[in-house]
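Following: one structure in structure tokens, then a few remarks.
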Amino acid sequence: MNIPSFGLGTFRLQGQQVIDSVRTGLELGYRFVDTAQIYRNESEVGAAIADSGVPRSELFVTTKVWLDELSGNKLIPSLKESLRKLRMEQVDLALIHWPAPGDKPAVAEYLPQLLEAKRQGLTKLIGVSNFTIRHLEQAIAAVGAAEIATNQVELHPFLQNRKLAAFMREQGIHLTAYMPLAYGKVMQDAVIKRIAEAHGATPAQVTLAWLLQQGYAVIPSSTKRANLESNLAARGLTLSDAEMAEIATLDRGERLANPDFAPKWD
Ligand SMILES: NC(=O)c1ccc[n+]([C@@H]2O[C@H](COP(=O)([O-])OP(=O)(O)OC[C@H]3O[C@@H](n4cnc5c(N)ncnc54)[C@H](OP(=O)(O)O)[C@@H]3O)[C@@H](O)[C@H]2O)c1
Numbered sequence: 027m028n029i030p031s032f033g034l035g036t037f038r039l040q041g042q043q044v045i046d047s048v049r050t051g052l053e054l055g056y057r058f059v060d061t062a063q064i065y066r067n068e069s070e071v072g073a074a075i076a077d078s079g080v081p082r083s084e085l086f087v088t089t090k091v092w093l094d095e096l097s098g099n100k101l102i103p104s105l106k107e108s109l110r111k112l113r114m115e116q117v118d119l120a121l122i123h124w125p126a127p128g129d130k131p132a133v134a135e136y137l138p139q140l141l142e143a144k145r146q147g148l149t150k151l152i153g154v155s156n157f158t159i160r161h162l163e164q165a166i167a168a169v170g171a172a173e174i175a176t177n178q179v180e181l182h183p184f185l186q187n188r189k190l191a192a193f194m195r196e197q198g199i200h201l202t203a204y205m206p207l208a209y210g211k212v213m214q215d216a217v218i219k220r221i222a223e224a225h226g227a228t229p230a231q232v233t234l235a236w237l238l239q240q241g242y243a244v245i246p247s248s249t250k251r252a253n254l255e256s257n258l259a260a261r262g263l264t265l266s267d268a269e270m271a272e273i274a275t276l277d278r279g280e281r282l283a284n285p286d287f288a289p290k291w292d
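Here the sequence shown stands for residues 27 to 292, numbered as in our numbering.
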């Protein structure tokens, strides 16, 4: 089973706003929804999915286990609670949201619990998020690279994460790009705007096409129907090698998601 390449992000979206975003996204043809325990919107995501009438078998749902649940034996009960909120018996993908700060507990302690959750049928696939090369090495040692369906990390034209991406390619670990639009900043970039104009496309579409053409999954979010619709249409856009290379020059190591508990980045 593969991770679909185009998902709907739900970070920051709460209450009716997340219900509307997911409902509209599903109407428009999105079939992959990304949530997390810490987003405190799993109940709303579950309600929107249940009301949509889209068969569960056509959907791909990801949630992420929060830091508080990594110690002791809390991980599996916390995932069961996520499933209750999401109103489903199984998610398609469960991720460790962030590596535990200071390796307390160590990857080798909590990642096997996520694998056990998979064995119990609580999730079809398991993976990680915000893992550095060092954490991925520990994850590979703990469960094997083949079990790690993805590492979901921040990646957009201004933060291209080349070292990590190269390591993941070597190991055959798939990459999901979060904040693919640099939280809207790509809309102001002169190079991306020029390429967009040349294609009669939007800067968001150009950015998403650039990520998709590199084999990454993308999970942009939007509260607006028009943006949700045009973003999805990025799947039909193909950039030239020269355009791909030009966007590659925009890397400036600009990291937007960098909380105080973040690991030492590659
Ligand atoms: N694993 C992690 O630690 C982690 C961290 C951060 C995010 N994520 C995931 O990644 C998803 C995406 O990240 P994100 O939501 O932070 O940022 P993003 O998708 O890069 O950007 C979203 C922003 O871009 C705007 N936007 C979207 N489409 C647009 C368009 N076509 N034209 C103009 N503006 C547009 C949205 O505004 P409007 O609402 O006005 O369209 C919103 O302000 C999250 O929702 C979450 O699921 C994961």
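The beta-carbon is built from N, C-alpha and C at its ideal position, and this holds for glycine as well.
- Under the DSSP assignment, Gly262 falls outside any beta strand (DSSP E); it carries neither an H nor an E label.
- For Val133, the closest C-alpha among the options Gly153, Asp118, Asn28, Val117 is that of Gly153.
- Residues of the same chain with a CB within less than 6 Å of the CB of Trp92, apart from the 5 flanking positions on each side, are Gln63, Ile64, His123 in chain order.
- The three-state reading of DSSP puts Tyr204 in strand, counting E and B together.
- Shown here, Ala243 sits in a strand according to DSSP, grouped into three states.
- Secondary-structure assignment with DSSP links Phe32 through a beta bridge to Val244.
- When Phe157, Val44, Arg82, Asp277 are compared, the shortest CA-CA separation from Thr249 is found for Val44.
- When only Cα atoms are considered, Leu265 and Ala235 end up about 7 Å apart.
- Bounds of any alpha helix (DSSP H) do not take in Ala120; it lies within the beta strand (DSSP E) bounded by 117–122.
- His161 sits away from Thr233, with the two beta carbons spaced by 9 Å or more.
- By the Cβ neighbour-count rule, Leu238 is buried, with 16 or more other Cβ atoms within 10 Å of its own.
- Taking the Cβ of Lys250 as the reference point, at least one heavy atom of ligand 1 falls within a distance shorter than 8 Å.
- Using a 10 angstroms sphere on the CB of Gly72, the tally of other CB atoms reaches 16 or more, which defines it as buried.
- For Gln178, the secondary structure class from DSSP, reduced to helix, strand or coil, is strand.
- A contact between stretches requires three or more CB pairs, one per stretch, nearer than 8 Å, and the stretch 100–111 meets this requirement with the stretch 133–148.
- Under the DSSP assignment, Gly153 falls outside any alpha helix (DSSP H), being part of the beta strand (DSSP E) whose first and last residues are 149–155.
- Excluding sequence positions up to five before and after Leu282, its CB lies within less than 7 Å of the CB of Glu180, Met205, Ala208, Tyr209, all in the same chain and listed in chain order.
- For ligand 1, no non-hydrogen atom lies closer than 8 Å to the CB of Ala126.
- Thr249 carries a coil assignment under DSSP once its states are collapsed to helix, strand and coil.
- Approximately 6 Å separates the beta-carbon atoms of Ser155 and Lys90; this is inside 8 Å, confirming the contact.
- A straight-line Cα-Cα distance of about 24 Å links Val212 and His200.
- The beta carbon of Arg251 sits closer than 7 Å to those of Thr50, all from its chain and outside the five residues before and after it, given in chain order.
- Looking at the backbone, the Cα of Arg82 and that of Ser256 are separated by about 25 Å.
- Going by beta carbons, Ala126 and Tyr136 fall inside the 9 Å limit.
- Annotation for Val87: Val59, Val117, Asp118 place their beta carbon closer than 6 Å to its own, counting only its chain and skipping 5 residues before and after.
- About 29 Å separates the Cβ atoms of Ile29 and Ala268, ruling out a contact at the 8 Å cut-off.
- Counted as a single uninterrupted DSSP element, the beta strand (DSSP E) harbouring Asp60 occupies residues 58–60.
- Counting the other CB atoms within 10 Å of its CB gives Phe157 a total of 16 or more, which places it among the buried residues.
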